[in-house]
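Asks: Yeah, the sequence shown ends on 265 if you go by our numbering, and it's all consecutive.
Using N, Cα and C, we set each Cβ at its ideal position, and we do this for glycine too.
To start, I am sharing the structure in question, which I have written as structure tokens.
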Amino acid sequence: MKRKAQEEMVGFVLIMLVVAVIFVVFLGIYLRKNANAEPVDSVEISQFLEAAFQYTTTCRISGNLLSVKELITRCQEGKDCVGEKSCDVLRETFIDLIESSWRFEENSPTKGYQLSIVKEINGPDAVLDNMGGPTTIAKPPSTDIIRAAEKPLPGGITLRLEIYS
Numbered sequence: 101m102k103r104k105a106q107e108e109m110v111g112f113v114l115i116m117l118v119v120a121v122i123f124v125v126f127l128g129i130y131l132r133k134n135a136n137a138e139p140v141d142s143v144e145i146s147q148f149l150e151a152a153f154q155y156t157t158t159c160r161i162s163g164n165l166l167s168v169k170e171l172i173t174r175c176q177e178g179k180d181c182v183g184e185k186s187c188d189v190l191r192e193t194f195i196d197l198i199e200s201s202w203r204f205e206e207n208s209p210t211k212g213y214q215l216s217i218v219k220e221i222n223g224p225d226a227v228l229d230n231m232g233g234p235t236t237i238a239k240p241p242s243t244d245i246i247r248a249a250e251k252p253l254p255g256g257i258t259l260r261l262e263i264y265s
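Put into structure tokens, the structure is as follows:
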């Protein structure tokens, strides 16, 4: 009788171990799916974009310096600044703003970024054509964890910044 009870206890422990292993496998699969999830809206990035709209650029028109918000519209319209293409000034301004706000290094918490400026044309979004080159400003991300924010502008233009961790 005592031996039978020991066999039943060993069987029970083995069943519990199998259940625990299955639970750990399912937990690993679940956590891995969430790592590749959609971008998470970030208040920090949203506030950065709002502040960036007010930033004064080096683009001069009639002696006045333009804000980033004004420069985006000017770039979309294909207009130049005095002596420079507005899209080039916009691109350089955003690179400076982003890279002075976050560190993108191997050991830092932020690994890369992507900034996109899109305009709604007949329904789906299309990248602005006259940006004078790629409309995406990016340092290639090394992971799938994303914090992001979008800011709409008049004329159907949307600015989107994604920060990869």
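(1) Indicate the three-state DSSP secondary structure (helix, strand or coil) for residue 250 in the structure shown.
(2) Only counting the same chain, and skipping five residues up and downstream in sequence, which positions put a Cβ closer than 7 Å to that of residue 220?
(3) Which term fits residue 104, buried or exposed, when burial requires 16 or more other beta carbons within 10 angstroms of its beta carbon?
(4) Grab me the residues of residue 166's own chain with a C-beta within less than 6 Å of its C-beta, minus the 5 sequence neighbours each way, in chain order.
(5) Any idea which residues DSSP pairs residue 184 with across the strands?
(6) Determine the DSSP secondary structure at residue 130, reduced to helix, strand or coil.
Replies: Put simply:
(1) strand
(2) 256
(3) exposed
(4) 157, 159
(5) 181
(6) helix
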